[in-house]
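Report on the structure given below.
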């Protein structure tokens with residue numbers, strides 16, 4: 060877990076990904092743009108951080124540990140909506156296809172550039 064931005068920071072992003080390498084890429088790129096970053100290596104930890112820190116954007120890799128748990132995904136839907144956080148899904152997410160704009164469901168394999176641009180646009 061990384062240092063936490065202030066609550067409701069308008070330029071904060073929560074990255075939930077079990078890949079330390081992916082989190083490192085996001086951390087490097089986003090921090091150079093002045094964006095505060097929270098990191099979680101599994102979906103349960105990410106949900107706790109979402110509730111506690113209220114990031115503006117949540118990037119959820121569906122391959123993160125526990126992210127395939129339907130109840131947990133429902134909690135993400137609810138928490139993101141109630142906190143007005145924008146949710147970006149990495150991976151195949153049929154259940155989100157109709158609910159989220161097309162550019163916020165990013166199939167794998169993905170390039171970081173379009174994901175970073177989506178995050179910046181949502182901030």
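Numbering (my numbering), first residue to last: 60 to 182.
Glycine is no exception: its CB is placed at the ideal position from the N, C-alpha and C atoms.
The structure presented is a predicted model; accordingly, all values stated were derived computationally and were not measured.
Cβ separation of residue i and residue j, assumed to be a contact under 8 Å, to the nearest whole Å
i	j	result
residue 108	residue 146	The pair is not a contact, with the Cβ atoms about 14 Å apart (cut-off 8 Å).
residue 84	residue 171	6 Å
residue 168	residue 150	Not quite, the Cβ-Cβ distance comes to about 10 Å (not below 8 Å), so this is no contact.
Spatial neighbours of residue i in its chain, beta-carbon cut-off 7 Å, leaving aside the 5 residues before and after
i	result
residue 138	106, 109, 110
residue 90	96
Same chain, Cβ closer than 8 Å to residue i, neighbours up to 5 away in sequence not counted
i	result
residue 185	It is not possible to answer for residue 185, since the shown part of the chain is limited to 60 through 182.
Between the CA atoms of residue j and residue i - distance to the nearest angstrom
i	j	result
residue 76	residue 122	7 Å
residue 173	residue 88	12 Å
residue 71	residue 136	18 Å
residue 120	residue 176	17 Å
residue 97	residue 79	13 Å
residue 178	residue 116	7 Å
residue 133	residue 92	31 Å
residue 148	residue 69	20 Å
Heavy atom of the ligand ATP within 7 Å of residue i beta-carbon
i	result
residue 90	Ligands displayed in this structure: none; no statement on the ligand ATP is therefore possible.
Three-state class that DSSP yields for residue i in the structure shown
i	result
residue 62	The pLDDT assigned to residue 62 is 47, lower than 50, so where the model puts this residue is not dependable; a value taken from the coordinates is nonetheless given after this. Of the three classes helix, strand and coil, the one that applies to residue 62 here is coil, per DSSP.
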